[in-house]
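Here the structure comes first, spelled out in structure tokens, and everything after it is commentary.
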Amino acid sequence: MEEEKDLSAKIRELLSTRSAESSICTSDVARATTPDNWRPLMEPVREAARRMVADGEVQITQGGEVVDPESARGPIRIRWAR
Numbered sequence: 215m216e217e218e219k220d221l222s223a224k225i226r227e228l229l230s231t232r233s234a235e236s237s238i239c240t241s242d243v244a245r246a247t248t249p250d251n252w253r254p255l256m257e258p259v260r261e262a263a264r265r266m267v268a269d270g271e272v273q274i275t276q277g278g279e280v281v282d283p284e285s286a287r288g289p290i291r292i293r294w295a296r
């Protein structure tokens, strides 16, 4: 659970450096957390993002459209909830 808190904090940190309309990729978060071994973090980042969606903090998008985080398959992006 501590790792998820760290990943959520990293998501917030990266989003705060972008414009309010911008989004980030899960790989951005993974690479910023562990540059040399980021691939194993991809699913934990997605899980942290899903929890943040449930809390109303962020949205998960595909192709610029908000998607259900539980059914999203393939690459996703994360942005602040509007």
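Under the working numbering, the residues of the sequence shown are numbered 215 to 296, in order.
No residue lacks a Cβ here, since even glycine has one placed at the ideal position from N, Cα and C.
Since the model is a prediction, treat every value here as computed from it, not as a measurement.
- In this structure Val281 touches Ile274 by the C-beta definition: roughly 6 Å separates them, less than 8 Å.
- With distances taken between CA atoms, Ser241 lies nearest to Leu255 out of Leu229, Leu255, Ser233.
- Residue environment: Ser237 is assigned as buried (16 or more neighbouring CB atoms within 10 Å of its CB, all protein chains considered).
- With fewer than 16 other Cβ atoms from the protein chains shown falling within 10 Å of its own Cβ, Arg253 counts as exposed.
- The Cβ atoms of Trp294 and Glu271 sit closer than 9 Å to each other.
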